[in-house]
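I have placed the structure first, in the form of structure tokens, so that the comments after it can refer back to it.
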Amino acid sequence: MNQLARALFYNEKVACAVATGVSVRVADDWITDVGAAGRLAGGADERSVSSETWFDLASLTKPITALAAARLVRARKLDLRAPLGSLVPEVRGTPSEAARLELLLAHRAGLEAHLPLFRHLTRGKLARRRDVLVEAASARRRDAAGAIAGDGFAPLYSDLGYLLAGEAIARCAGNDLDAVMDEQVIAPLRAAIGSARRIRARDASFADHVAATEVVAWRGGTIRGVVHDENAWAYSGEGASGHAGLFGTVGGVLVLAQAVVDVLQGRADWFLTRDELWPLVRPRPGGTLRAGFDGKSEHGSSAGVKFGPNTIGHLGFTGTSFWCDIERQVVGVVLTNSVHPQRDNQAIRRVRPRAYDWIADRAAKLAATGH
Numbered sequence: 020m021n022q023l024a025r026a027l028f029y030n031e032k033v034a035c036a037v038a039t040g041v042s043v044r045v046a047d048d049w050i051t052d053v054g055a056a057g058r059l060a061g062g063a064d065e066r067s068v069s070s071e072t073w074f075d076l077a078s079l080t081k082p083i084t085a086l087a088a089a090r091l092v093r094a095r096k097l098d099l100r101a102p103l104g105s106l107v108p109e110v111r112g113t114p115s116e117a118a119r120l121e122l123l124l125a126h127r128a129g130l131e132a133h134l135p136l137f138r139h140l141t142r143g144k145l146a147r148r149r150d151v152l153v154e155a156a157s158a159r160r161r162d163a164a165g166a167i168a169g170d171g172f173a174p175l176y177s178d179l180g181y182l183l184a185g186e187a188i189a190r191c192a193g194n195d196l197d198a199v200m201d202e203q204v205i206a207p208l209r210a211a212i213g214s215a216r217r218i219r220a221r222d223a224s225f226a227d228h229v230a231a232t233e234v235v236a237w238r239g240g241t242i243r244g245v246v247h248d249e250n251a252w253a254y255s256g257e258g259a260s261g262h263a264g265l266f267g268t269v270g271g272v273l274v275l276a277q278a279v280v281d282v283l284q285g286r287a288d289w290f291l292t293r294d295e296l297w298p299l300v301r302p303r304p305g306g307t308l309r310a311g312f313d314g315k316s317e318h319g320s321s322a323g324v325k326f327g328p329n330t331i332g333h334l335g336f337t338g339t340s341f342w343c344d345i346e347r348q349v350v351g352v353v354l355t356n357s358v359h360p361q362r363d364n365q366a367i368r369r370v371r372p373r374a375y376d377w378i379a380d381r382a383a384k385l386a387a388t389g390h
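Below, the structure is given as structure tokens:
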């Protein structure tokens, strides 16, 4: 995988920091290969990227939010059919009061994709968390009027829905969301993933091993070791929101992806059964979006052409992604900081499908030769 990482760094110039990984299930074990290339930041920073480098996972946080919900359902502490207002009283009286948690996780609660909930910070002011929750829950789309039907509205990818879902999950569990994610998902899987504050509590040198993201003047310059997503930063600080806030290594994301495949193959009942995961990953009408995951589109998928049709995964705005081919039992991970120094770099979109084709070929070789 070093070959792919170097190609993305040197030839394609998608980012200054790149880590790639692949795992394929052979008999009773996963065979894994990882690679890394580049520097943690541009300019004079000469520190090299390694397989232990932390990346801002951005929206790869969403699958972990959804998995935490599934684990709480398993423990009989949460019901995905519960209306948001029963879990987060502040949103009662908003259009999202009756939105079921499952619909928020599946992007079918009729909410707008995004609002600048962070805008007060650009003026040096703070907003009450209650006001943020009410604004997010009130952001119903014009094409999603009226009562919410059983299957919800037409899907539209919504960070707002995940911020609300994350708050509901935290309230249900009685703890901060990043602690719930750690307790329910990250620690059981022993995955190298966590919020900035939880990683820093274990490793004071975290900032020396994390890839930089964007250079933003109003946030003090280069963002590094704190979440890039402005709404998550405004709402959760160094913790995590439902839509963003986690950091991870390439190995950590591979472990997460392996667990998803193992559950769906009936090998990880200690974590979740297939039936317990199915409400999240089942295909839904109107598009490829699942609950916490995305499916592979028939044409132009970022998973390329060599991952099979029964593939699920997710993308992150900072340049991160993972895909799981459930039937072939192959998982691939591409982590970059393509938003550094500015978010207008589009190279990752062009290159990502070819990267996953390369990963699929590498998986086939690993399965055939073991190396």
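Quick note on our numbering: the sequence shown kicks off at 20 and runs consecutively.
Yeah, the Cβ is synthetic: ideal placement off N, Cα and C, and Gly gets one too.
- DSSP places Cys343 in the uninterrupted beta strand (DSSP E) bounded by 339 to 344.
- Contact between Val269 and Val53 holds, since their C-beta atoms are separated by about 5 Å, short of 8 Å.
- Cβ-Cβ distances below 7 Å link Ala263 to Ala77, Ser78, Thr80, Val246, Asp248, Ala251 in the same chain, with the five nearest sequence neighbours on each side left out; the list follows chain order.
- In the displayed model, Thr84 falls within a helix according to three-state DSSP.
- When DSSP states are grouped into helix, strand and coil, Val234 belongs to the strand group.
- Cβ-Cβ distances below 8 Å link Val234 to Gly240, Thr241, Ile242, His359, Pro360, Gln361 in the same chain, with the five nearest sequence neighbours on each side left out; the list follows chain order.
- When rounded, the separation of the alpha-carbon atoms in Leu283 and Asn329 is 11 Å.
- Beta-bridge partners assigned by DSSP to Trp49: Arg44.
- Boundaries for Leu140: no alpha helix (DSSP H) harbours it, and the DSSP string shows neither H nor E there.
- In the structure shown, Ser214 adopts extended strand secondary structure according to DSSP, grouped into three states.
- DSSP, read as helix, strand or coil, puts Leu308 in strand.
- Distances from the CA of Arg368 to each of Ser316, Ser321, Leu124 were compared; the closest alpha carbon is that of Ser321.
- Counting other Cβ atoms within 10 Å of its Cβ, Lys325 reaches 16 or more and is therefore classed as buried.
- Under the three-state reduction of DSSP, Trp289 is assigned to coil, being neither helix nor strand.
- Note: Val229 is bridge-paired with Trp73 in the DSSP secondary-structure output.
- When C-alpha distances from His390 are compared across Gly314, Asp313, Gly165, Val43, the shortest belongs to Val43.
- Leaving aside the five residues that flank Ile331 on each side, the residues in its chain whose CB is nearer than 8 Å to its CB run, in chain order, Val279, Val300, Arg309, Phe312, Asp313, Gly314, Lys315, Trp342, Cys343, Ile345.
- Ranked by how close their Cα comes to the Cα of Arg286, the residues Ala46, Phe28, Gly40, Ala36 have Ala46 in first place.
- Assignment of Ser105 by DSSP, reduced to helix, strand and coil, places it in the helix class.
- Following the DSSP letters along the chain, one finds Val199 inside the alpha helix (DSSP H) bounded by residues 196 to 200.
- Look at Ile331 here: in three-state DSSP terms it is strand.
- Residue pairing of Asp313 in beta bridges, as defined by DSSP: Leu308, Gly332.
- Thr339 is positioned such that its CB atom lies no closer than 8 Å to that of Ile188.
- Exposed is the label assigned to Tyr29, since fewer than 16 other Cβ atoms lie within 10 Å of its Cβ.
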